[in-house]
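Residue numbers (our numbering), protein chains in the order written: chain A, 1 to 79; chain B, 1 to 148. Yeah, the Cβ is synthetic: ideal placement off N, Cα and C, and Gly gets one too.
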Amino acid sequence: MNLQILYFASLRDQAGRDAEAIVSSAQDASGLYAELKTRHGFSLDQGKLRVAINGGFAEWNAILRDGDEVVFLPPVSGG
Amino acid sequence: MVAFSISEKPIDAHALGASLADAYAGASVTFEGWVRNHNEGRAVTRLDYQAYAPLALVEGERIVAEASARFPIVIARCVHRTGTLLIGDLAVWVGVSAAHRGAAFDAARFIIDEVKLRVPIWKNEHYADGESGWLYPDNTPVATDASR
């Protein structure tokens, strides 16, 4: 399936891009992060992150669908 | 007027403060978060803010709605900057008007605290020694994660 991934903060630095279109067969958001962590060498473990799918917070076991926009959210630091 | 917004341009605190006016309100409390020149013992030269805007706007609106439900206030608003900010720049503005001061103080505190914890906005600190780093909500560096 085709997915659009957006990156922010340290994940953006480590991926070297702010977005990418990928083809993945990951079952869920958790599997997708494991795949991308290996590919880009992300230092943050899944436990430090939240995940958003199509603009809303989601669970890690959420099933991904073709065309989804997935964002892995590092610990926030606004203010 | 939306309650929560993100701005790539400087925040006009004066105009925002005036937008809190209401005949029913007897108090207004505003909070300004400024870029300071130090954090965790290091000299800071500037900050870069990134936001995942679609979700940040939804979560920010949710926080202001929660404040309106919890406290007897009249108007509440929050604006957060993105982009590159220098020392002294206004990074976040919160304003609340209410019939009485207690609710205005409490709601303003609630909004800034929740924004810092929940809204997908990130700051990258640039230090005087040329290094930079992303921060956790408590302003400690993400980079030292392995040692925490």
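Distance, Ile87(B) Cα to Asn54(A) Cα
35 Å
Tyr49(B) classed as buried or exposed, judged by whether at least 16 other C-beta atoms fall within 10 angstroms
buried
For the candidate residues Ser19(B), Glu125(B), Cys78(B) and Leu90(B), whose alpha-carbon lies nearest to that of Trp34(B)?
Leu90(B)
Same chain, Cβ closer than 7 Å to Thr84(B), neighbours up to 5 away in sequence not counted
Arg46 and Asp48
Quick one: is Val23(A) buried, meaning 16 or more other Cβ sit within 10 Å of its Cβ, or exposed?
exposed
How many whole angstroms separate the CB atoms of Thr30(B) and Gly133(B), which I take to be in contact at a CB cut-off of 8 Å?
The Cβ separation is near 30 Å, so there is no contact.
Are Tyr52(B) and Pro137(B) touching if we call contact CB-CB under 8 Å?
no
With a threshold of 8 Å between beta-carbons, can Val71(A) be considered close to chain B, or not?
yes
According to DSSP, is Glu8(B) helix, strand or coil?
coil
Near-chain A residues of the segment 118-137 of chain B - C-beta to any C-beta below 8 Å
Arg118, Val119, Pro120, Ile121, Trp122, Lys123, Asn124, Trp134, Leu135, Tyr136 and Pro137
Rounded straight-line distance, which links the Cα of Asp45(A) to that of Asp145(B):
Confidence is the limiting factor: at Asp145(B) the pLDDT is only 46, short of 50, which leaves the residue's position unreliable and the question unanswerable from this model.
Who are the near neighbours of Tyr7(A) in its chain, counting only those whose CB is closer than 6 Å to its CB and skipping five residues on each side?
Ala15 and Asp18
Cα-Cα separation, Ser147(B) to Pro141(B):
Since pLDDT at Ser147(B) reaches only 36, below the 50 mark, its modelled position is unreliable, and no value is offered.
Alpha helix (DSSP H) segment containing Val35(B), residue limits
Careful: Val35(B) lies outside any alpha helix (DSSP H) and carries neither H nor E.
Phe57(A) in three-state terms, based on DSSP
strand
By Cβ distance, which residues of its chain are closer than 8 Å to Leu7(B), with the 5 residues on each side in sequence left out?
For clarity, residue 7(B) is Ser in the given sequence; the question names Leu instead. Once the five neighbours on either side are set aside, the close Cβ partners of Ser7(B) are Val79, His80, Arg81 and Thr82.
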